[in-house]
């Protein structure tokens with residue numbers, strides 16, 4: 712399967728900033744695969760808006776970047792996004808690798824693998840992806856026990872972006888570019904409803 716809209720590569724856009732963003736991704740930045748950003752690049756203003764959004768919490772956020780990656784992977788699992796589950800944020804890949812199995816569990820708990828902050832953030836991402844109405848008073852108390860108000864705003868924002876990314880990638884049937892580590896054996900998507 713290949714992406715429904717062919718992603719642009721660095722140098723293919725008439726917009727210099729878009730080419731710069733794509734060159735950075737192709738050089739191993741972000742997910743080390745330019746397919747998603749290359750597809751968004753068909754609308755340069757959207758790409759130039761979304762990259763700073765990712766940077767605002769992944770690179771400059773209050774919460775540890777690897778926690779965002781765990782949350783991103785959890786939403787990818789819940790939404791059944793092949794691309795989101797295959798690609799890895801390069802800067803935290805090694806830290807997250809040892810925690811992935813625990814993250815995949817339904818509502819993972821703190822353990823010798825996951826800290827309390829990690830487990831609660833993953834639980835939060837799961838609740839938001841499945842049904843944000845389940846962020847009830849009891850869970851809110853748990854959340855505020857380990858995250859500040861400012862961090863929670865960031866967590867909700869990031870969860871929304873991750874769920875958006877899942878929907879974008881599934882709809883576009885995003886596949887990795889041929890010259891990246893993620894292509895084998897290619898990605899496939901269901902074309903039937905979850906329910």
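Numbering (our numbering), first residue to last: 712 to 906. Here a beta-carbon is modelled for each residue, glycine too, at the ideal position from N, C-alpha and C.
If you check the CB distance, residue 716 and residue 750 come in under 8 Å. Residue environment analysis places residue 859 among the exposed positions, since fewer than 16 neighbouring C-beta atoms fall within 10 angstroms of its C-beta. For residue 787, the CB contacts under 7 Å within the same chain, skipping 5 residues up- and downstream, are 795, 796, 877 in chain order. DSSP, read as helix, strand or coil, puts residue 753 in coil.
With respect to the 8 Å criterion, residue 830 and residue 843 are not classified as neighbours on the basis of their beta carbons.
For the set 903, 871, 824, 902, the Cα lying nearest the Cα of residue 782 is the one of 871. Taken atom to atom, the span from the alpha-carbon of residue 856 to that of residue 726 is near 46 Å. Following the DSSP letters along the chain, one finds residue 834 inside the alpha helix (DSSP H) bounded by residues 827-841.
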